[in-house]
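Take a look at the structure set out below.
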Amino acid sequence: MTDLWFFAVLTVAMLALGFAAARWRRPQRPHSLEEWGVGGRAFGNWVTWFLLGGSMYTAYTFVAVPAATYGVGAIGFFAVPFAIITTPLMYLISTRVWSVSHTHGFVTSAEFARARFGSRGLAALIALTGIAATMPYIAVQLVALQAILKSVGVPGEWPMLVAVVAVSLCTFRAGLRAPALLSIAKDVLLVWLVLSMAMVVAWSGG
Amino acid sequence: MRGGYAKRSTPRMSWRWLLVVPLVLPLLVTFYNRLEPRLWGVPFFYWAQMACALIAMVAITLVFQLEKPRRRG
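Going line by line, the protein sequences match chains D and R.
Every position in the first sequence, counted from 1, becomes a number in the numbering used here once 23 is added.
Every position in the second sequence, counted from 1, becomes a number in the numbering used here once 1453 is added.
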């Protein structure tokens, strides 16, 4: 029962933070795509760092990959080299895309592709690929969320749907500000988690 | 638009070849698919991958710092 209460308090706090994010560093024109999609390009190094951390350490990292490793063994370790290889690649690609997009005011990778290669078709294809490629990732998050809800004693699909609607509303209202602010809160919880795990392992002798 | 993005004065782009190291190391599974040598009792398979993550971190930091355009005056 304590688990459930703890979980409920944390969830409510996170949701409040998510909805408050719309007010965080409120811009002049809050309804432009630039404000919504890239936080008005006003995020500094720290917020960007937390946001990147937030997009790396998700339910996929915490539930799906460990569960896969537990279930099928070492093959679940694909995730570690995968993350290591993509980081230098993304360093090369994303820094370039970032500086070009910053200069020309692009918000999405489709806009970048249209300007770079002068093709509307390619831009549309990239936009569609982006949406399609996000779907399985979101599905993994939902399955993991359902597993978490089940483990605290709230089984079924309804709690998951409620959670998804709440998160969608947060993001709809605040744009990138919501995940950015929530990432900071999440990283605080993460440090707590890692310390607790280290203490459990240290005290139980491995 | 090809080539439309200005060639800024970014010297020493060759440092980024350092990134090949963290790109290739994690792909050599046969190299780290072994138990020995252990590090604090952890099999090589596990700690080598974590070491790769550290190597990637060091390589990216080096490339960034070395390629960063120097501030003038």
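All residues carry an ideal CB built from backbone N, CA and C; glycine is no exception.
Range of the contiguous alpha helix (DSSP H) that encloses residue i
{"i": "D:TRP59", "result": "56-61"}
{"i": "R:ALA1506", "result": "1497-1520"}
{"i": "D:GLY12", "result": "This structure gives no information on residue 12 of chain D, because the portion of chain D shown stretches from 24 to 229."}
{"i": "D:VAL223", "result": "200-227"}
{"i": "D:GLU134", "result": "132-140"}
{"i": "D:PHE73", "result": "68-79"}
{"i": "D:ARG119", "result": "102-127"}
{"i": "D:TRP28", "result": "25-43"}
{"i": "D:GLY94", "result": "88-95"}
{"i": "D:ARG196", "result": "181-197"}
{"i": "R:PHE1484", "result": "1482-1485"}
Residues near residue i in its chain [Cβ-Cβ closer than 7 angstroms; skip 5 each side]
{"i": "D:GLN164", "result": "THR81, ALA82, TYR83"}
{"i": "D:PHE135", "result": "VAL120, VAL123, SER124, PHE129"}
{"i": "R:PRO1490", "result": "PHE1497"}
Residues near residue i in its chain [Cβ-Cβ closer than 8 angstroms; skip 5 each side]
{"i": "R:GLY1526", "result": "Here R:GLY1526 scores only 48 on pLDDT, less than 50, and its place in the model should not be relied on; the value that follows carries that caveat. Hits under 8 angstroms: none found."}
{"i": "D:ASP26", "result": "VAL175, GLY176"}
{"i": "R:GLY1541", "result": "Any question about residue 1541 of chain R goes unanswered here, given that chain R covers just 1454 to 1526."}
Listed by chain order, chain C residues near residue i by CB distance under 8 angstroms
{"i": "D:LEU115", "result": "Note that chain C does not occur in the displayed structure, where the protein chains are D and R."}
Residue(s) in a DSSP beta bridge with residue i
{"i": "R:LEU1492", "result": "R:VAL1495"}
Contact set for residue i: own chain, Cβ-Cβ below 6 angstroms, skip 5 residues either direction
{"i": "D:ALA44", "result": "ALA197, ARG200, ALA201, LEU204"}
- [ ] Please determine if the stretch 166-185 of chain D and the stretch 33-46 of chain D are in contact, where contact requires at least 3 C-beta pairs separated by less than 8 angstroms.
- [x] Fewer than three pairs of CB atoms, one per stretch, sit closer than 8 angstroms, so the stretch 166-185 of chain D makes no contact with the stretch 33-46 of chain D.
Task: Interface positions of the stretch 79-109 of chain D facing chain R (Cβ-Cβ less than 9 angstroms), listed along the chain - done: Listed in sequence order: ALA97, PHE100, VAL103, PRO104, PHE105, ALA106, ILE107, ILE108.
- [ ] Determine which residues of the stretch 1508-1521 of chain R have a Cβ less than 7 angstroms from any Cβ of chain D, and write them out in chain order.
- [x] Taking 7 angstroms as the Cβ-Cβ cut-off against chain D, the residues of the stretch 1508-1521 of chain R that qualify are ALA1509, ALA1512, ILE1513.
Open item on the list: Would the stretch 133-147 of chain D count as touching the stretch 1499-1507 of chain R if we require 3 or more Cβ pairs under 8 angstroms?
Closed with: Output reads no: the stretch 1499-1507 of chain R does not touch the stretch 133-147 of chain D.
Task: Near-chain R residues of the stretch 202-215 of chain D - C-beta to any C-beta below 7 angstroms - done: From the stretch 202-215 of chain D, no residue has a Cβ closer than 7 angstroms to chain R.
Task: chain R contacts from the stretch 180-203 of chain D (Cβ-Cβ distance under 8 angstroms) - done: When CB distances to chain R are screened at a threshold of 8 angstroms, not a single residue of the stretch 180-203 of chain D falls below it.
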